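Everything on this sheet refers to the single structure shown next.
Residue numbers (this note's numbering): 125 to 295.
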């Protein structure tokens, strides 16, 4: 994905592109901002992992299909968006994932980035895309609703972290 121009998406305000190693600090900031209800393996642990160096290696190894979201006007990375193959939806159908820094919430960036990713999915021949969301994550639920995702009725209940809702969109 690194030098592949097809990996880059552009909207009016955003560039979605592969992460750069020197942006590991932004990736780590996303980890530090996560709600305490998010399971521990998705938050910074007691020993401070993942470290910036570990996240740099993650970027260097291109272990993620999630694209960095860069604001064109400011030139800063504010989060990620992309499709995950082998997600928790139906076999062979990708899952949409996005996460933005809190300081840019409420400006429509998640919706704008996700629309570009969904357009790419449609062009690639995908017929459906899944998204999972915690029942308590009102902001992400609003974004998914704006995009046209609907709840399937499938849920995974976790007494500690909350219920995961499964949503889907037909492209």
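We treat Cβ as the ideally placed atom computed from N, Cα and C, and that holds for glycine.
All of these numbers come straight from a predicted model, not from anything done at the bench.
Report the option in 161, 229, 133, 276 whose CA atom is closest to the CA atom of residue 253. 276
How about residue 138 and residue 236: are their beta carbons less than 8 Å apart? yes
Shortest alpha-carbon distance to residue 226 belongs to which of 295, 203, 193? 203
Sheet register partners of residue 233 (DSSP bridge): For residue 233, which the question treats as bridged, DSSP gives no partner whatsoever.
So residue 141 is in the beta strand (DSSP E); what residue range does that whole segment cover? 138-141
For residue 289, report the span of its beta strand (DSSP E) as first-last. 286-294
Taking the beta strand (DSSP E) that residue 193 falls in, what are its first and last residues? 191-195
Secondary structure, beta strand (DSSP E): runs of 3+ residues fully inside the region 149-219: 191-195, 201-208
Stretch pair the region 166-175 + the region 261-270: three plus CB contacts closer than 8 Å: no
Between residue 292 and residue 255, what straight-line distance do the alpha-carbon atoms span, to the nearest angstrom? 6 Å
Can you name the residues that DSSP bridges to residue 257? 289
Could you give the first and the last residue of the continuous alpha helix (DSSP H) run that contains residue 265? 262-271
CB contact flag (residue 183, residue 140, <8 Å): no
Once DSSP output is grouped into helix, strand and coil, what is the label at residue 244? helix
Would residue 245 be called buried (16 or more neighbouring beta carbons within 10 Å of its own) or exposed? buried
Assigned exposure category for residue 186 - 16 Cβ within 10 Å defines buried: exposed
Tell me residue 252's beta-bridge partners as DSSP assigns them. 294
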